[in-house]
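Be aware that the sequence shown starts at 4, since it is given in the numbering used here, and climbs by one per residue.
Virtual Cβ for every residue (Gly too), placed ideally from N, Cα, C.
Working notes, beginning with the structure itself.
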Amino acid sequence: MRVRKALMGCASIALAVTTLTACGGDDGDGSSNGNEGGGILNQERITIGVRFDQPGLGLDTGGDAPEGFDIEIARIIIEGLGIPEENVTWRETVSANREPFLQNGTVDIVVATYTINEERASVIDFAGPYYVAGQDLLVPVDSDIQGPDDLTSEHIVCSVNGSTPAERIQTDYPDVQLQLFDTYSQCVEQLAAGAVHAVTTDDIILAGYASQEQYAGQFRVVGQPFSEEPYGIGIAEEDTEGCRRINEILAEAIESGAYEEAWNATLGASGTPAPSIEPPDGSWCD
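Put into structure tokens, the structure is as follows:
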């Protein structure tokens with residue numbers, strides 16, 4: 004991974020200077036993220052970027068903290084770091100601001116269905132992966148759809164405008180009728196009403212919707228993913244020791260069963276069993 008980062012040249016040097024300048028700074032709303040020590044291992048407080056809008060993964064329900072699998076993974080990490088939860092600030096992140104928030108010190112780590120890829124890893128580091136998602140299908144429990152190859156011109160599949168899953172359906176399954184909305188929650192509502200035959204996005208996101216109380220027992224994730232999306236913990240570039248420690252914590256959680264417990268307490272309600280996951284090898288930390 005050193006080769007990968009070296010290719011960034013002067014841009015990486017400028018970014019590193021920007022990141023160091025941001026450490027110990029203000030997150031834009033008058034509160035420090037506690038990163039004065041130059042890395043998460045030196046902190047007593049931490050700001051974690053999470054999603055607020057994904058059922059089963061990261062959902063703001065009006066309580067002291069969001070709820071979901073990503074939140075439980077974050078709790079495992081802070082416990083391993085020895086940071087009490089009362090010293091945690093949960094900060095909403097969306098796809099567009101995750102790297103900037105890590106670069107400018109607004110958040111210390113991001114746990115938000117955050118796919119690891121080379122472009123992102125050129126400006127931040129990743130611990131993990133802690134889950135490998137794949138595009139899949141959510142269907143009624145009595146549907147005869149067992150995978151994407153069962154889709155025909157008679158099927159209506161719902162996804163989101165401008166999304167990669169929608170583009171993949173259009174490219175790889177052009178005969179399928181594609182219904183597009185602005186949010187996946189609208190697609191799930193259409194599925195519940197019988198207006199579409201399937202909803203498609205990452206399998207873990209689909210499991211989150213299926214785990215909602217109002218849909219309990221109605222849907223199933225087909226379980227035949229047709230892409231690969233490794234989810235990682237985003238951390239500021241050059242915090243190598245912090246990144247490695249998070250990997251150790253994840254490995255310990257997998258070994259102890261804490262990972263499976265986090266799954267069962269959240270996404271397990273969808274009926275999807277906890278995945279088998281290998282301990283991270285640390286290749287995205289350097």
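Rounded separation between residue i and residue j - CA only
{"i": "Gln221", "j": "Pro168", "result": "22 Å"}
{"i": "Glu89", "j": "Pro58", "result": "23 Å"}
{"i": "Ala254", "j": "Cys288", "result": "15 Å"}
{"i": "Val202", "j": "Tyr187", "result": "8 Å"}
{"i": "Thr269", "j": "Asp147", "result": "27 Å"}
{"i": "Gly61", "j": "Ile74", "result": "6 Å"}
{"i": "Arg54", "j": "Gly211", "result": "13 Å"}
{"i": "Thr118", "j": "Pro233", "result": "5 Å"}
{"i": "Thr116", "j": "Asp56", "result": "11 Å"}
{"i": "Gly274", "j": "Arg247", "result": "32 Å"}
{"i": "Pro282", "j": "Glu251", "result": "8 Å"}
{"i": "Gly83", "j": "Ser166", "result": "35 Å"}
{"i": "Phe229", "j": "Gly131", "result": "21 Å"}
{"i": "Ala195", "j": "Trp266", "result": "24 Å"}
{"i": "Val142", "j": "Ala99", "result": "29 Å"}
{"i": "Asp153", "j": "Arg171", "result": "15 Å"}
{"i": "Pro151", "j": "Leu140", "result": "8 Å"}
{"i": "Asp67", "j": "Ala219", "result": "25 Å"}
{"i": "Asp185", "j": "Gly197", "result": "19 Å"}
{"i": "Ile112", "j": "Val179", "result": "39 Å"}
{"i": "Glu121", "j": "Glu157", "result": "38 Å"}
Which residues DSSP lists as bridging residue i, in chain order
{"i": "Tyr234", "result": "Thr118, Tyr134"}
{"i": "Cys161", "result": "Gln182, Val202"}
{"i": "Arg223", "result": "Val142"}
{"i": "Glu70", "result": "Leu62"}
{"i": "Ser169", "result": "This sequence places Ala at residue 169; Ser is not what is there. None, per the DSSP bridge assignment."}
{"i": "Val191", "result": "DSSP, once it has assigned bridges, lists no residue as partnering Val191."}
{"i": "Glu95", "result": "Val53"}
{"i": "Phe129", "result": "Gly237"}
{"i": "Ile112", "result": "Ile51, Ile238"}
Nonlocal neighbours in the same chain, by C-beta distance under 7 Å from residue i, ignoring five residues either side
{"i": "Leu183", "result": "Ser162, Val163, Asn164, Ala169"}
{"i": "Ile81", "result": "Ile49, Glu88, Val91"}
{"i": "Gly245", "result": "Gly42, Ile43, Leu44, Ile238"}
{"i": "Thr64", "result": "Glu70"}
{"i": "Glu263", "result": "Ala277"}
{"i": "Ala261", "result": "Ile79"}
{"i": "Glu291", "result": "Outside the displayed span of the chain (4 to 289) sits residue 291, for which this structure offers no information."}
{"i": "Phe72", "result": "Gly59, Leu60, Ala265, Trp266, Thr269, Leu270"}
{"i": "Gly285", "result": "Arg247, Asn250"}
{"i": "Ile76", "result": "Val114, Tyr133, Ala265"}
{"i": "Asp175", "result": "none"}
Other residues of its chain near residue i: CB distance less than 8 Å, five sequence neighbours each side excluded
{"i": "Gln149", "result": "Val225, Gln227"}
{"i": "Thr24", "result": "Caution applies to Thr24, whose pLDDT of 35 falls short of 50 and renders its modelled position unreliable; the model cannot decide the point."}
{"i": "Gln173", "result": "Leu181"}
{"i": "Val199", "result": "Ile159, Val160, Cys161, Gln182, Cys190, Gln193"}
{"i": "Arg94", "result": "Asp30, Thr50, Ile51, Gly52, Val53, Phe104, Thr109, Val110"}
Buried or exposed by the 16-neighbour rule on C-beta atoms within 10 Å, applied to residue i
{"i": "Thr155", "result": "exposed"}
{"i": "Glu216", "result": "exposed"}
{"i": "Asp29", "result": "Below a pLDDT of 50, predicted positions are generally treated as unreliable, and Asp29, at 40, falls in that range; the measurement from the model is reported next regardless. Counting Cβ neighbours within 10 Å, Asp29 comes out exposed, since fewer than 16 surround it."}
{"i": "Val97", "result": "exposed"}
{"i": "Ser279", "result": "exposed"}
{"i": "Pro177", "result": "exposed"}
{"i": "Val144", "result": "exposed"}
{"i": "Asp242", "result": "buried"}
Own chain partners of residue i with C-beta closer than 6 Å, once the 5 adjacent residues on each side are dropped
{"i": "Ser214", "result": "Gly59, Leu270, Ala272, Ser273"}
{"i": "Arg223", "result": "Val144"}
**Prompt:** Counting Cβ pairs, one atom from each stretch, are 3 or more of them under 8 Å apart for the stretch 112-126 and the stretch 255-265?
**Reply:** Flag = no, the stretch 112-126 and the stretch 255-265 do not touch.
**Request:** Could you say if the stretch 221-241 and the stretch 103-111 meet the contact criterion of at least three C-beta pairs nearer than 8 Å?
**Result:** yes
**Request:** Determine, using beta-carbon pairs with one atom in the stretch 130-145 and one in the stretch 203-216, whether at least three such pairs fall under 8 Å.
**Result:** yes
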